[in-house]
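Going by the working numbering, the residue at position 220 of the sequence shown is 285; the numbering climbs one at a time, nothing skipped.
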Amino acid sequence: MAAEAGAPTPADIYRARARIAGRVARTPLLSSPRLARACGADSVSLKLEMLQPSGAFKLRGATHALLALAPETRARGVVTASTGNHGRALAWAARAEGVACTVCLSALVPANKVAAVRELGAEVVLAGDDQDAAVAEALRLAETRGLGYIPPFDHPDVIAGQGTLGLELLEDAPDLDTLLVPLSGGGLLAGVALAVKAVKPDVHVVGISPQRGAAMIESLRAGRPVEVAEETTLADSLGGGIGLDNRYSFALVRALADTVVQVSEAEIAAAMRELHRHERLVTEGAAAVGAALLARGEVPGGGRRAVVLVTGNNVDMDRFTRLICERD
Ligand SMILES: *Cc1c(COP(=O)(O)O)cnc(C)c1O
Numbered sequence: 066m067a068a069e070a071g072a073p074t075p076a077d078i079y080r081a082r083a084r085i086a087g088r089v090a091r092t093p094l095l096s097s098p099r100l101a102r103a104c105g106a107d108s109v110s111l112k113l114e115m116l117q118p119s120g121a122f123k124l125r126g127a128t129h130a131l132l133a134l135a136p137e138t139r140a141r142g143v144v145t146a147s148t149g150n151h152g153r154a155l156a157w158a159a160r161a162e163g164v165a166c167t168v169c170l171s172a173l174v175p176a177n178k179v180a181a182v183r184e185l186g187a188e189v190v191l192a193g194d195d196q197d198a199a200v201a202e203a204l205r206l207a208e209t210r211g212l213g214y215i216p217p218f219d220h221p222d223v224i225a226g227q228g229t230l231g232l233e234l235l236e237d238a239p240d241l242d243t244l245l246v247p248l249s250g251g252g253l254l255a256g257v258a259l260a261v262k263a264v265k266p267d268v269h270v271v272g273i274s275p276q277r278g279a280a281m282i283e284s285l286r287a288g289r290p291v292e293v294a295e296e297t298t299l300a301d302s303l304g305g306g307i308g309l310d311n312r313y314s315f316a317l318v319r320a321l322a323d324t325v326v327q328v329s330e331a332e333i334a335a336a337m338r339e340l341h342r343h344e345r346l347v348t349e350g351a352a353a354v355g356a357a358l359l360a361r362g363e364v365p366g367g368g369r370r371a372v373v374l375v376t377g378n379n380v381d382m383d384r385f386t387r388l389i390c391e392r393d
C-alpha cells in the first residue's frame with residue numbers, strides 16, 4: 066500500500082472508537098430477506114447509518130477529528146466548507162462539545178442550506194462564487210485564526226473515525242464476505258475496509274458511485290486523481306471531486322476496493338422506493354446505491370453474505386414523497 070506519512074492504520078481506528086464512544090450511535094443491522102432473494106445470497110444485512118443523530122455516518126469522522134485536535138486549537142474552533150452531511154456532522158459535533166464551528170459557503174449554496182447550517186449553531190461565512198473559493202477561504206481562516214480545518218474525507222482522523230463503523234460490522238456480522246459501500250471521496254470506504262480487512266482480508270469490498278460525476282472511479286481508471294464535470298444526481302452526497310492533491314483516500318481506495326461499479330439514476334430511484342416499501346426506510350440517493358446494485362440480481366464476487374452500508378437520510382421530504390409515489 067502507498068504509505069503516505071500519517072496515513073491511518075487499523076490501530077488508529079480502534080483508538081478512534083474509544084475516543085468517540087458514547088458520542089455517536091452504534092447503529093443496528095437490519096436483515097433484508099427481499100434483497101437476499103433478489104441477488105441470490107444467503108443473507109443481506111443493511112447497516113443503518115442514517116440513524117446517526119446528524120442523519121449520516123459522517124458524524125463518526127467529524128467527531129473523531131474534532132476530538133483529536135490539540136486542546137488549544139479546539140478552544141479556537143473548527144472550520145470546514147461542506148454544506149452536505151459533513152458540514153452538518155461537524156456543526157453537530159462542535160455544538161455537542163461546545164466548540165465554535167465556522168462553515169464557509171459559496172454564493173452557489175441555496176438559502177435553505179445556508180439556514181440549515183446556521184440552525185445547527187455554526188457561523189456561516191459567505192465566500193466566493195464556487196466550492197473551490199469556499200475551501201480556499203476555510204483554509205485561510207484556519208491559517209489566520211488558528212482554527213482546525215476538518216475536510217470531509219481526505220484526512221487521517223476523519224478516515225479513522227469512519228472506520229469505527231467497520232469494527233461494529235466485525236462484531237455484528239462476523240461472517241460477512243461482501244461489503245457494499247457508497248463511494249465519493251473515499252473516506253468511508255478507506256476507513257471501513259481498513260478495519261474489516263485487517264481482521265478478514267478476504268472480504269470483497271465493492272465501491273458504488275452514480276454514473277454521473279464519479280470522480281473517484283474516473284481517478285482509479287486514470288491511475289491518478291482527475292477532475293470530472295459535476296452533474297446533478299439523486300445521489301447528491303456522492304458528488305464533488307476527490308482533490309487533485311489528494312493525499313490519503315485515493316491511495317487507500319485503490320489498495321482496498323476489490324470492485325467499483327456505477328449505478329444509474331433510475332436504479333437509484335427504484336432502490337429508494339423499494340427500501341421504503343419493504344424495509345420502511347427513508348434513505349437519500351447516496352444511501353441506496355448498494356441496494357440498487359444488488360437489485361441487478363447478483364453479488365459482485367459471488368459472495369453469499371453481504372452487508373450494505375445505508376449511509377444517510379438527508380433528503381428533501383417533499384421530493385422523497387413524490388419519488389416513492391412514482392411507478393418504476
Ligand atoms: C459522504 C457520503 C458518502 C460517501 O462518503 P465518502 O467518504 O465521501 O466516500 C456516502 N453516503 C452519504 C450519505 C454521504 O454523506
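Glycine is no exception: its CB is placed at the ideal position from the N, C-alpha and C atoms.
Rounded to a whole number of angstroms, what is the C-alpha to C-alpha distance between A67 and I389?
-> Confidence at A67 is low in this model, with a pLDDT of 48, below 50, so its placement is unreliable and the value that follows should be read with caution. About 43 Å.
With distances taken Cα to Cα, identify the nearest neighbour of L259 among P75, V189, E69.
-> P75
Evaluate the contact criterion for the segment 279-292 versus the segment 244-261: three or more CB pairs, one atom per stretch, below 8 Å.
-> yes
Are at least three pairs of beta-carbons, each pair with one atom in the segment 224-242 and one in the segment 294-305, less than 8 Å apart?
-> no
Residues near E344 in its chain [Cβ-Cβ closer than 8 Å; skip 5 each side] = L95, S97, R99, L111
Is it the case that the CB of S302 approaches a heavy atom of ligand 1 more closely than 7 Å?
-> yes
Rounded to a whole number of angstroms, what is the C-alpha to C-alpha distance between R80 and C104?
-> 36 Å
Leaving out five residues before and five after G71 in sequence, what residues of the same chain have Cβ atoms less than 6 Å from its Cβ?
-> P221
Does at least one heavy atom of ligand 1 sit under 7 Å from the Cβ of A352?
-> yes
From R392 to A335, what does the alpha carbon distance come to, in whole angstroms?
-> 9 Å
Please indicate yes or no: does the CB of N177 lie closer than 7 Å to some heavy atom of ligand 1?
-> no
With C-beta atoms as the reference, is R125 less than 8 Å away from L131?
-> no
V109 to L244, Cα distance in whole Å?
-> 10 Å
Three-way DSSP call (helix, strand, coil) for V293 in this model = coil
For R210, the nearest candidate out of G306, V143, A287 (CA to CA) = V143
Please confirm whether V189 and V182 have their CB atoms less than 8 Å apart.
-> yes
Can you tell me which of the three DSSP states K112 falls into?
-> strand
Nearest-angstrom Cβ-Cβ length linking P275 and I333, presumed shorter than 8 Å = 7 Å
Report back the beta-carbon spacing between A357 and V328 to the nearest angstrom; my notes put them in contact at under 8 Å.
-> 4 Å
Paired residues, beta bridge with P275 - DSSP = V328
Could you give the distance in angstroms between the alpha-carbon of L295 and the alpha-carbon of G305?
-> Rather than Leu, the amino acid found at residue 295 in this sequence is Glu. Distance between the alpha carbons of E295 and G305: 6 Å.
Alpha helix (DSSP H) segments (min. 4 residues) lying fully within the segment 305-354 = 314-321, 330-344
By how many angstroms is the C-alpha of A207 removed from the C-alpha of Y313?
-> 20 Å
Can we count F315 as close to ligand 1, meaning its CB is less than 7 Å from some heavy atom?
-> no
Range of the contiguous alpha helix (DSSP H) that encloses T128 = 123-133
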